[in-house]
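Numbering (this note's numbering), first residue to last: 2 to 58. Where a beta carbon is used, it is the ideal one built from N, C-alpha and C, also for glycine. Just below is one structure, and these are the notes that go with it.
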Amino acid sequence: MNEISALFDIIQLMEKVGFPIVVALILLIRYEVRMERLEKHSKNLSDIINELRRDIS
Numbered sequence: 002m003n004e005i006s007a008l009f010d011i012i013q014l015m016e017k018v019g020f021p022i023v024v025a026l027i028l029l030i031r032y033e034v035r036m037e038r039l040e041k042h043s044k045n046l047s048d049i050i051n052e053l054r055r056d057i058s
């Protein structure tokens, strides 16, 4: 049911602001989520590299 409600919300938003704006918003939200994930993995990789450097020294 929640998915249907979200779909209706998106349709109503399209009626108010237009299709290109809704698509841009959806893409920006997805981009933000991916950037947060990338930042998390980058930090994790940096920590692992630092640990390996300490082990070698």
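Check	Outcome
Hey, how far is the Cα of V23 from the Cα of L46?	35 Å
S6 by DSSP, collapsed to three states: which one?	helix
Can you grab the Cα-Cα spacing for the pair E33 / I50, in whole Å?	26 Å
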